[in-house]
Amino acid sequence: EAGVTQSPTHLIKTRGQQATLRCSPISGHTSVYWYQQALGLGLQFLLWYDEGEERNRGNFPPRFSGRQFPNYSSELNVNALELEDSALYLCASSLRLENYGYTFGSGTRLTVV
Amino acid sequence: AQSVTQLDSQVPVFEEAPVELRCNYSSSVSVYLFWYVQYPNQGLQLLLKYLSGSTLVESINGFEAEFNKSQTSFHLRKPSVHISDTAEYFCAVSGWGATNKLIFGTGTLLAVQP
Numbered sequence: 096e097a098g099v100t101q102s103p104t105h106l107i108k109t110r111g112q113q114a115t116l117r118c119s120p121i122s123g124h125t126s127v128y129w130y131q132q133a134l135g136l137g138l139q140f141l142l143w144y145d146e147g148e149e150r151n152r153g154n155f156p157p158r159f160s161g162r163q164f165p166n167y168s169s170e171l172n173v174n175a176l177e178l179e180d181s182a183l184y185l186c187a188s189s190l191r192l193e194n195y196g197y198t199f200g201s202g203t204r205l206t207v208v
Numbered sequence: 643a644q645s646v647t648q649l650d651s652q653v654p655v656f657e658e659a660p661v662e663l664r665c666n667y668s669s670s671v672s673v674y675l676f677w678y679v680q681y682p683n684q685g686l687q688l689l690l691k692y693l694s695g696s697t698l699v700e701s702i703n704g705f706e707a708e709f710n711k712s713q714t715s716f717h718l719r720k721p722s723v724h725i726s727d728t729a730e731y732f733c734a735v736s737g738w739g740a741t742n743k744l745i746f747g748t749g750t751l752l753a754v755q756p
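Listed in order, the protein sequences are those of chains A and B.
For what it's worth, the working numbering labels the leading residue of the first sequence as 96, then goes sequentially.
For what it's worth, the working numbering labels the leading residue of the second sequence as 643, then goes sequentially.
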């Protein structure tokens with residue numbers, strides 16, 4: 096069974112640009128979660144999607160947005176990139192609305208220069 | 643709302659020595675508790691979890707954690723560590739109920755030295 100897959104592995108962008116990160120959940124999982132792991136800050140919850148709808152949102156500005164597609168894959172968009180957006184972005188998935196533990200992907204390393 | 647505190651940012655230990663990584667949580671409702679491990683340049687892997695029942699839970703690689711409700715703790719222990727256990731360990735909490743998400747601590751780097 097394939098795990099949670101994220102692409103790209105690495106992404107380098109210039110300040111002010113937009114970044115798009117992608118995530119494919121485990122087959123059968125309908126919930127997708129996005130976390131930001133910035134140096135020294137642990138994992139900060141970003142967004143939670145289930146069945147195509149946004150279920151919850153962390154304390155991040157509106158320039159962080161995303162969506163979930165009918166096949167349950169998800170996209171995270173970060174507009175007007177700032178230097179402090181540089182971080183590892185982790186995607187996780189679970190069965191629908193199940194919080195018994197998520198399965199994480201390997202992440203996308205976003206570097207803003 | 644829930645929160646997690648991992649007081650130790652780094653724990654150095656010699657190989658074959660015992661180790662304890664501390665985790666305390668805060669919540670106004672009943673909780674599920676988790677430990678995740680992150681090896682360098684990788685994502686997070688679920689190490690063990692407490693959902694209900696026995697307060698002592700074990701992983702397949704020798705780690706164990708005990709849920710202590712009165713002290714709101716979920717410390718992770720291993721009686722004898724290996725070099726390969728060197729990694730970042732994250733404690734996480736979630737409130738009961740399908741609408742609750744996982745909240746993570748800031749992580750503890752376990753540095754095992756020969």
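For every residue, glycine included, the Cβ atom is placed at its ideal position computed from N, Cα and C.
If I follow the unbroken beta strand (DSSP E) through D145 of chain A, where does it start and stop? Numbered from its first residue, the first sequence carries residue 145 of chain A at position 50. That run of the beta strand (DSSP E) goes 138–145.
Would you please verify whether the beta carbon of S201 of chain A is less than 7 Å from any beta carbon of chain D? In the structure shown, chain D does not exist; the protein chains are A and B.
Classify L744 of chain B as helix, strand or coil using the three-state DSSP reduction. The residue you call residue 744 of chain B lines up with position 102 of the second sequence. Correct three-state label for L744 of chain B: coil.
Given this structure, state the Cα-to-Cα distance separating V735 of chain B from Y667 of chain B, to the nearest angstrom. Along the second sequence, read from residue 1 onward, the residue named residue 735 of chain B stands at position 93. Along the second sequence, read from residue 1 onward, the residue named residue 667 of chain B stands at position 25. Near 7 Å, if we compare the C-alpha coordinates of Y667 of chain B and V735 of chain B.
Beta strand (DSSP E) segment containing C733 of chain B, residue limits: Here the question's residue 733 of chain B lines up with position 91 in the second sequence. Note, C733 of chain B: beta strand (DSSP E), 729–737.
How far does the beta strand (DSSP E) with H717 of chain B in it extend, from its first residue to its last? Here the question's residue 717 of chain B lines up with position 75 in the second sequence. It spans 715–720 - the beta strand (DSSP E) in which H717 of chain B sits, taken as one unbroken run.
Which residue spans inside the segment 98–140 of chain A form an unbroken alpha helix (DSSP H) run of at least 4? With a minimum length of 4 residues, no continuous alpha helix (DSSP H) run stays inside the segment 98–140 of chain A.
Got a sec? Which residues, its chain only, sit under 6 Å from Q652 of chain B by beta carbon, not counting five neighbours each side? Translated into positions along the second sequence, residue 652 of chain B becomes position 10. The answer, listed in chain order, is L751.
Does any residue of chain B have a CB that is nearer than 7 Å to the CB of L171 of chain A? By 1-based counting over the first sequence, the position of residue 171 of chain A is 76. It does not: the Cβ of L171 of chain A has no partner Cβ on chain B nearer than 7 Å.
Beta-carbon neighbours of I745 of chain B, restricted to chain A and to distances below 8 Å: The sequence position of residue 745 of chain B within the second sequence is 103, counting from 1. Simply F140.
Can you give the Cα-Cα distance for A746 of chain B and N174 of chain A, rounded to whole angstroms? For this step, residue 746 of chain B is matched to residue 104 along the second sequence. For this step, residue 174 of chain A is matched to residue 79 along the first sequence. Sequence check: residue 746 of chain B is Phe here, not Ala. Their backbone Cα atoms lie some 25 Å apart in a straight line.
With a threshold of 7 Å between beta carbons, is G749 of chain B in contact with chain A? Counting from 1 along the second sequence, the entry for residue 749 of chain B is found at position 107. It does; some Cβ of chain A falls within 7 Å.
Starting from G161 of chain A, trace the beta strand (DSSP E) both ways and give me its first and last residue. Translated into the one-based positions of the first sequence, residue 161 of chain A becomes position 66. Unbroken beta strand (DSSP E) run through G161 of chain A: 159–163.
Does any C-beta atom of chain A lie closer than 7 Å to the C-beta of G685 of chain B? Start at 1 with the first residue of the second sequence, and residue 685 of chain B comes out as number 43. Answer yes: the Cβ-Cβ gap between G685 of chain B and chain A drops below 7 Å somewhere.
Mind reading off the beta-carbon distance from Q131 of chain A to Y184 of chain A? Whole number of angstroms is fine, and I expect it under 8 Å. Position 36 of the first sequence holds residue 131 of chain A. Position 89 of the first sequence holds residue 184 of chain A. So it is a contact: roughly 6 Å between Cβ atoms.
Can you say whether E730 of chain B is buried or exposed, counting buried as having 16 or more other CB atoms within 10 angstroms of its CB? Taking the first residue of the second sequence as position 1, residue 730 of chain B is located at position 88. Buried, by the Cβ-count rule.
Between the alpha carbons of E179 of chain A and V207 of chain A, how many angstroms are there, rounded? Position 84 of the first sequence holds residue 179 of chain A. Position 112 of the first sequence holds residue 207 of chain A. Spanning the two alpha carbons is a distance of roughly 8 Å.
Between the alpha carbons of A659 of chain B and N703 of chain B, how many angstroms are there, rounded? Mapped onto the second sequence, residue 659 of chain B falls at position 17. Mapped onto the second sequence, residue 703 of chain B falls at position 61. A direct Cα-to-Cα measurement between A659 of chain B and N703 of chain B gives close to 15 Å.
Identify every residue that forms a DSSP beta bridge with E179 of chain A. Along the first sequence, read from residue 1 onward, the residue named residue 179 of chain A stands at position 84. Answer is none; E179 of chain A lacks a bridge partner.
Beta-carbon proximity list for G105 of chain A, same chain, < 6 Å, skipping 5 on both sides: Taking the first sequence and counting its residues from 1, one reaches residue 105 of chain A at position 10. At residue 105 of chain A the sequence reads His, which differs from the Gly that was named. Same-chain partners within the cutoff: R204.
Determine the direct distance from the alpha carbon of F705 of chain B to that of L698 of chain B, and round the result to whole angstroms. Sequence index remark: in the second sequence, residue 698 of chain B carries index 56 (1-based). Sequence index remark: in the second sequence, residue 705 of chain B carries index 63 (1-based). About 11 Å.
Measuring only between beta-carbons, confirm whether K711 of chain B sits less than 7 Å from chain A. The sequence position of residue 711 of chain B within the second sequence is 69, counting from 1. False, the Cβ-Cβ gap to chain A never drops below 7 Å.
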